[in-house]
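Asker: One structure is given below, represented as structure tokens, and several questions about it will come after.
There are 2 protein chains.
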Amino acid sequence: MDKKVSKNKTVLTNKSFPQFSEAHGSVSARRVNPDLLEERQKCDFDQQELTKIFYGSSYMNHKKYQKIINDNPTLHGNPDYYDMDRNQQMIHAMKVVEASGKTEIIEVEKDYYFKSELSIAEYLQGQVPFAISFSMFNLVVTNLSLPDQRVYWRELLTNRRIMGCYAQTELGHGSNVAALETTATFDKETDQFIINSPTLTSAKFWPGELGKFANYTALCARLIIDGNDYGVQFFIVQIRDKETHETLPGIDAGDIGPKIGYNSKDNGFIIFKNVRIPRTNMMMKYCRVDREGKMELDGDPRLLYSVMLGIRVWIMISAWMYLGQSVLIAGRYSVVRRQFNTLDSDKKIERKLLDYQSHQFKIIPAIAQVVVQNLARNHINNIYQAYILDLEKGSDNFKPLKVIHHLVSGLKANYTQNSYETMSKLRESCGGAGYLSSSGLPSLIQEYAAQVTYEGDNTVMLQQSARYIIDGVSKNKKYKEDALTYLNDLPQQFLNLPVINKHQDLSKLESVLDALRVRSAFFIHKTINDGMKIQKSKMSKAKLINEVFQQDQIILSNYHLAYYSVWSSCHFLEKNKDSMKCTNLKSHLIDLIHIYGLMELTKDSSILYSCGYFKAGHATLIQETLKQLINKLRPQTISIIESFDISDQQITSSIGNQYGDIAETILDQARNSKLNQNELAPGFKEHILPILQGKL
Amino acid sequence: MDKKVSKNKTVLTNKSFPQFSEAHGSVSARRVNPDLLEERQKCDFDQQELTKIFYGSSYMNHKKYQKIINDNPTLHGNPDYYDMDRNQQMIHAMKVVEASGKTEIIEVEKDYYFKSELSIAEYLQGQVPFAISFSMFNLVVTNLSLPDQRVYWRELLTNRRIMGCYAQTELGHGSNVAALETTATFDKETDQFIINSPTLTSAKFWPGELGKFANYTALCARLIIDGNDYGVQFFIVQIRDKETHETLPGIDAGDIGPKIGYNSKDNGFIIFKNVRIPRTNMMMKYCRVDREGKMELDGDPRLLYSVMLGIRVWIMISAWMYLGQSVLIAGRYSVVRRQFNTLDSDKKIERKLLDYQSHQFKIIPAIAQVVVQNLARNHINNIYQAYILDLEKGSDNFKPLKVIHHLVSGLKANYTQNSYETMSKLRESCGGAGYLSSSGLPSLIQEYAAQVTYEGDNTVMLQQSARYIIDGVSKNKKYKEDALTYLNDLPQQFLNLPVINKHQDLSKLESVLDALRVRSAFFIHKTINDGMKIQKSKMSKAKLINEVFQQDQIILSNYHLAYYSVWSSCHFLEKNKDSMKCTNLKSHLIDLIHIYGLMELTKDSSILYSCGYFKAGHATLIQETLKQLINKLRPQTISIIESFDISDQQITSSIGNQYGDIAETILDQARNSKLNQNELAPGFKEHILPILQGKL
Ligand SMILES: Cc1cc2nc3c(=O)[nH]c(=O)nc-3n(C[C@H](O)[C@H](O)[C@H](O)COP(=O)(O)OP(=O)(O)OC[C@H]3O[C@@H](n4cnc5c(N)ncnc54)[C@H](O)[C@@H]3O)c2cc1C
Ligand SMILES: Cc1cc2nc3c(=O)[nH]c(=O)nc-3n(C[C@H](O)[C@H](O)[C@H](O)COP(=O)(O)OP(=O)(O)OC[C@H]3O[C@@H](n4cnc5c(N)ncnc54)[C@H](O)[C@@H]3O)c2cc1C
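Dropping the structure here:
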């Protein structure tokens, strides 16, 4: 019964199936899948207007980046990237840096990384060298230095003569920055700081670019003078030789090994033993140490964390785009993939995935999330940018910091959490294809996964955000921001609402906004009241916060932020209503914000029943309204996600390309698997064949 | 300001920090972290009794497997595995097969893979060769063959003379098995079937072990006789030469490339061109083709899918263990990791993560899920095993198939979805450490991720499960299973409940069970009634199911399954109440089931307000009860998860080992990073150094 192989093996290619051409897309033949074409033809709004809204003031930059990338093959996403090992991925990333150094891109970034709303990270595959150097290291030497220091370090940095990293986290401490253990001890004799890692847990651990690439680090260490501990400050420390790139004496550093994502990035560890740096390498804008070891503070100490704040803003404003890339892939797949003959019309044609209601519920609320995360960020980003501008002009008004910190830390957590979880759901929505690296979804998600943790763990961020409300409301603080004025009189939001209640009509976006506000107001009021009652029983504040009401704080923040996000999205539309030309577009955006709000209510509205705002029937009403809105937007799905304006060169996906080519591309990528380079898998002859031949 | 390197570099090891020893765990010194020790000392129940409950009738096998693994270093989880490329991971997997072939393990599995409740997969790192051969291929030749065929193929298989795979999915069709395109055309002249892939989308795609390893496949193809299409059947096809292991003529096969996980597994594609097999290679138990090409059916055609059913049962019964491994890692980490000085007692000691309420909400409900998924599976597994036994004895009663399919497909989806999502949350709960491959969590999750898709995509499974209820209830079918009798009179479950309502006390598990039943009953009733109303308006059934009520079907299934799971867990405890000795243990189990039920209600209870079962105040009551129960179980957390009895040799985690050693192990693993083998990263000299030196 056994057969023997002949040497003339049949290898069938896509061309072996000529009849395939008609109904399917093909990247190689540049033929668009008719199913995708059909979707595009349904477009009833101005796509360019939407793209301009999405990118806002960065629209021109976006177009510039995109052109540079599209024109330069080295910068294209590379499908082979997914099958590379870490070494190869790193070399790939280095080549990208080389190539992009020759274009305009780095110029834009070099000047001032965070001036441009979008960083290059969202446009390129993997994580490239200099990314941390130009972002976090740059922010340290820009924001925390004296003018002289700033000129000195920025000159080196912008000319790429040094590569810096940002070393804050240690083995023992991540979230609790105040407890970091690395020391910088002032040595008056030599006018130097001596850097030490006094314990195993004080080893710096995680900094990107530290493992192999950086030759300098912005180091977060305890300032010690005459045996006194003045808490953490930033110091610039050279860590590797400029010629040989070997680590300097007293330094023990390396890569930390493989991770879920960021594998082209050399996150590293470093341990110091009596490493000396000049006193002037301390970043002295807000805290100065003079030749005599006298320490002087200037400004709000929280400004030390302004680097993290800056990065959080970037995380917050870019959350929509990572999610948008995932929606683009899963969305396109959902209209070219068909499964099951459930159409009434013609038994032979299977149904497009997106024509299943359950599938619409996977894709369209994700689009709603992209839209809200995009529109809502404008309000807080404007406040932040104005504040930065003020600071740069020399203002010493640090008051706005509080509300900025409240919203930015909260939204950082809320958006990244939502984006991450939705990206994962979108991957699942593609069935087996989503499990394939070539689909592009795995790497998008794996890289993004870090964002729920770094720059402030989401749980910690939500608590910090909650505290601004709890402290303020408890102390009867008057909130001035429009979005926050509801906090000034919480009970008014939910008491005496019988009339509104009766006529409550969730088919209007305003009613959903009301419901979200009431949900937040009632819960805040309740939490604070309960807390006050218990506090009277003399429980300590630490116990109360960490052991009794911590979970409520997290819920509280998310309720508040959901309201804020919908409010802020509406606010954006209202502010721009005159400049928006396309009425269909406006209506789609309203529908999407509406869907976002309703999805929030389906996640959790039980508290609204508790306060009497919702009555029997509301659950059904929410579900019905959602179904209607989702159904209404179904025909515009592809047109909306294609307005994110993400090119095939950016997303490298075998199932999400502009031609709607899935079968051919998936198979092509499969054939390229490194394992197919040899007929037999490595080791097979030694370990398995003998078993099959009964020799083992 | 630039410094030069000296050749005497300082490399600090863990031994450089002797003072570290006291407060920390150490794998190398076999010293248990005092924080972990403290947790263990709190244990107030019989851990072995719990372990025996968890493993049930597999307890002895479990102990046997564990011993074999612990005794054999080649079978240990290997921390270097995470830093291997695909080739190396495959070779590692082959060595595991070699080593395990010399032990008792494979003997147990060989005999009849699914007899033992636990497969070896949960005990070994990665996916090893022969796994599919011994599971799916084995099930085909065991369940779908005539006696002669069975003897022939099982002989070859159990002696490992062939390695088989299971080729069902094609590029074009996964969930819709009935639409597969590969053909097996009967050629009367030669008494053979001719296998062909008539289209590009008919290429088989995904089968594990197909890419490189298998020399045979169980092939799912359309049976064509005299131009008539008789639908899909299974055929055994040789695909590679026995001597050279090269693919046979007419066959084009290979690996499909990198994936999220399963990278040591060679999932493959295959395309056939006129490949001939003897007629007798068709699996003929339920469908026979004779020498003349006459086709004859015997038994229920759904039995063709019994292989998938068998695997679904395995997926369902093993879900708890994958989740359990993740809880073990995150749980141990949560008591040895401290962050922030928020303790009242002594300002110098930071708080254990698990002493934060929000962290308890991350860990303890996950334990509850493990417990419910473990206890609840017993009921349905018993029904399934009894049915299989009957079939083996020659029974032709196929009636139980319906309810088995209903519960198994539903629970497969419900459990894998919950486990997958919770595993991901647990990983996040470890902060940065969870992003490190060495923590073990990434690979656990990435391997598990496939389970929401394969053997029945979860969305499709939940719909199929719902249909059993919708069809049955619509037709006034009488349900006989205890767990399902509530379906016989739905309105009775939620009408006239004023008395219960007033005294409703969610601090009792029974009330939570009631609430879950009412939630399910009301929603089923409502969905069916609404559906009937619409159907009267002459909407087609396909439209109704797929475009109007599909999302409801999914909600409906999950509601029903949550009730069933809590019911079935209680049922287990009730049935075993006399044999359970430890009363504390019983009480902990009840509390955990209770937590599971309450978490379900926090996920979604709005419909309970709609039907009047819940009133204002219930939301608060649920939250309060949850807080109390979670707080009560806090001291037992580590003792419960350690009763899962998972050894350090099984879970390869730098943060979840039995010594509570995190700092030392994390740093050791980091130092082992392949990138640290050379001082400079590959490519750095060519691509980056010139930039830093201003030469580029
Ligand atoms: C890809 C990646 C890149 C990184 N890059 C850098 C870098 O360039 N430079 C750098 O310095 N660092 C970097 N980091 C480190 C990162 O900043 C830390 O991981 C982050 O700050 C979280 O700290 P941790 O990992 O120590 O978690 P922990 O602080 O130990 O938190 C662990 C868990 O405890 C919980 N927890 C902690 N405190 C509380 C509390 N008070 N209440 C309730 N729950 C609590 C958290 O929610 C979390 O679930 C990077 C991390 C990653 C993953
Ligand atoms: C790691 C791995 C190993 C595998 N091993 C094997 C193997 O050994 N042998 C083998 O034959 N196959 C194997 N498979 C394939 C697996 O069985 C399929 O991926 C699975 O059946 C799903 O099919 P699909 O990928 O074609 O998804 P599709 O069926 O295309 O589904 C895609 C999406 O559409 C949705 N959808 C589909 N139909 C409907 C509907 N009617 N209503 C609503 N939504 C719908 C789904 O929910 C999903 O979101 C493997 C897959 C993986 C990931």
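Keeping their order, the protein sequence lines are chains H and C.
Every letter in the first sequence is one number past the one before it in the working numbering, and letter 668, counting from 1, is 668.
Quick note: to get the working numbering, add 696 to the position in the second sequence (first position is 1).
Cβ coordinates follow ideal geometry from the N, Cα and C atoms, glycine included.
Computed from a prediction, not measured in an experiment: that's the story for all the values here.
Comparing the CB of W206 of chain H with every heavy atom of ligand 1, is any distance shorter than 7 angstroms?
Answerer: Because some heavy atom of ligand 1 lies under 7 angstroms away, the Cβ of W206 of chain H counts as near it: yes.
Asker: Please report whether the beta-carbon of A376 of chain H lies at a distance below 8 angstroms from any beta-carbon of chain C.
Answerer: It does not: the Cβ of A376 of chain H has no partner Cβ on chain C nearer than 8 angstroms.
Asker: Which partner residues does T183 of chain H have in the DSSP bridge list?
Answerer: According to DSSP, which records beta bridges pairwise, T183 of chain H is partnered with H:N196, H:R222.
Asker: So, is A466 of chain H buried or exposed, given that buried needs 16 or more other C-beta atoms within 10 angstroms?
Answerer: Burial call: buried.
Asker: Hey, S474 of chain H and I528 of chain H: beta-carbon distance below 8 angstroms or not?
Answerer: Yes, these two residues count as a Cβ contact at 8 angstroms.
Asker: Please classify N274 of chain H as buried or exposed, where buried requires at least 16 neighbouring CB atoms within 10 angstroms.
Answerer: Per the 10 Å Cβ criterion, exposed.
Asker: Closer than 8 angstroms between beta carbons: that is the criterion. Which residues of the region 926–956 of chain C meet it against chain H?
Answerer: Flagged, chain order: Q934, R936, D937, K938, E939, T940, H941, E942, T943, L944, P945, G946, I947, D948, G950, D951, I952, G953, P954, K955, I956.
Asker: Along the chain, where does the alpha helix (DSSP H) containing M316 of chain H start, and where does it finish?
Answerer: Per DSSP, M316 of chain H belongs to the alpha helix (DSSP H) from 306–336.
Asker: Looking at C-beta atoms only, is the number of pairs between the region 1051–1060 of chain C and the region 998–1009 of chain C that lie closer than 8 angstroms three or more?
Answerer: The region 1051–1060 of chain C is not in contact with the region 998–1009 of chain C.
Asker: Could you tell me whether the Cβ of I891 of chain C comes closer than 8 angstroms to any Cβ of chain H?
Answerer: By this cut-off, I891 of chain C is not an interface position.
Asker: For chain H, find out if any of its Cβ atoms is closer than 8 angstroms to the Cβ of V723 of chain C; answer yes or no.
Answerer: No, no contact with chain H.
Asker: Report the residue from C:S1261, C:L1191, C:S1203, C:D1167 whose alpha carbon sits nearest the alpha carbon of M1228 of chain C.
Answerer: Residue C:D1167 is the option with its Cα nearest to M1228 of chain C.
Asker: Apart from the five residues on each side of it in sequence, which residues of its chain come closer than 8 angstroms, Cβ to Cβ, to K697 of chain H?
Answerer: There is no way to answer for residue 697 of chain H, as the model of chain H reaches only from 1 to 696.
Asker: Compute the beta-carbon to beta-carbon distance between A1062 of chain C and V1023 of chain C, rounded to the nearest angstrom, for a pair I have assumed lies under 8 angstroms.
Answerer: Indeed, because the Cβ distance is near 5 angstroms, the residues count as touching under 8 angstroms.
Asker: Compile a chain-ordered list of the residues in the region 1175–1189 of chain C whose CB is closer than 9 angstroms to at least one CB of chain H.
Answerer: Those residues of the region 1175–1189 of chain C that come within reach of chain H (Cβ to Cβ, closer than 9 angstroms) do not exist; the list is empty.
Asker: Counting only the same chain and skipping the five closest in sequence on each side, list residues whose C-beta sits under 6 angstroms from that of Q1159 of chain C.
Answerer: Excluding residues within five positions, the ones whose Cβ falls inside 6 angstroms are Q1249.
Asker: Under DSSP, the beta strand (DSSP E) around N228 of chain H begins and ends at which residues?
Answerer: Segment 228–238, the beta strand (DSSP E) holding N228 of chain H.
Asker: According to DSSP, is Y216 of chain H part of a helix, a strand, or is it coil?
Answerer: In the structure shown, Y216 of chain H sits in a strand (DSSP, three-state: E or B).
Asker: Taking DSSP's pairing of strands, which residues face K1048 of chain C in a bridge?
Answerer: Looking at the DSSP assignment, K1048 of chain C forms a beta bridge with C:R1034.
Asker: Rounded to whole angstroms, what is the Cα-Cα separation between S1350 of chain C and F1268 of chain C?
Answerer: If I take the Cα positions, the gap works out to 36 angstroms.
Asker: Any heavy atom of ligand 3 closer than 7 angstroms to the CB of H359 of chain H?
Answerer: Ligand 3 is absent from the structure shown, which contains only ligand 1 and ligand 2.
Asker: Nearest chain C C-beta to Q339 of chain H closer than 8 angstroms, yes or no?
Answerer: Yes, because at least one Cβ of chain C sits closer than 8 angstroms to the Cβ of Q339 of chain H.
Asker: Give me the Cβ distance between S133 of chain H and C165 of chain H, rounded to the nearest whole Å; I'm assuming they're in contact under 8 angstroms.
Answerer: Rounded, the Cβ-Cβ distance is 7 angstroms, consistent with contact.
Asker: Quick one: what's got a C-beta closer than 7 angstroms to H697 of chain H's C-beta in the same chain, skipping five residues either side?
Answerer: The structure shown does not extend to residue 697 of chain H, since chain H is modelled only from 1 through 696, so no value can be given for it.
Asker: Do R302 of chain H and E296 of chain H have their beta-carbon atoms positioned less than 8 angstroms apart in this structure?
Answerer: Not closer than 8 angstroms, so no.
Asker: Could you list which residues in chain H have their beta carbon closer than 7 angstroms to that of D962 of chain C, in chain order?
Answerer: Within 7 angstroms Cβ-Cβ: L675, A681.
Asker: Using the three-state DSSP reduction, which class does L1097 of chain C fall into: helix, strand or coil?
Answerer: Helix at L1097 of chain C.
Asker: Would DSSP call S94 of chain H helix, strand or coil?
Answerer: Correcting the residue identity first, residue 94 of chain H is Met in this sequence and not Ser. It is helical.
Asker: Measuring straight from C-alpha to C-alpha, what distance separates Y262 of chain H and G126 of chain H?
Answerer: Answer to the nearest angstrom: the Cα atoms are 7 angstroms apart.
Asker: Is it buried or exposed, V408 of chain H, if we count other Cβ atoms within 10 angstroms and call 16 or more buried?
Answerer: Under this definition V408 of chain H is a buried residue.
Asker: Report yes if the CB atom of R846 of chain C is closer than 8 angstroms to the CB atom of V836 of chain C, and no otherwise.
Answerer: Contact: no.
Asker: For the region 67–91 of chain H, which residues have a CB atom closer than 7 angstroms to at least one CB atom of chain C, in sequence order?
Answerer: Those residues of the region 67–91 of chain H that come within reach of chain C (Cβ to Cβ, closer than 7 angstroms) are Y82, D83, D85, R86, N87, M90, I91.
Asker: Applying the criterion that 16 or more other CB atoms from any shown protein chain within 10 Å of the CB defines a buried residue, is E851 of chain C buried or exposed?
Answerer: Per the 10 Å Cβ criterion, exposed.
Asker: In angstroms with no decimal places, state the Cα-to-Cα distance between K478 of chain H and T485 of chain H.
Answerer: Approximately 8 angstroms between the Cα atoms of the pair.
Asker: So, is the C-beta of L1388 of chain C closer than 8 angstroms to a C-beta in chain H?
Answerer: At least one chain H Cβ lies under 8 angstroms of L1388 of chain C.
Asker: On the CB-based measure, 16 or more other CB atoms within 10 Å of its CB, does A681 of chain H come out buried or exposed?
Answerer: Buried, since its Cβ has 16 or more Cβ neighbours within 10 Å.
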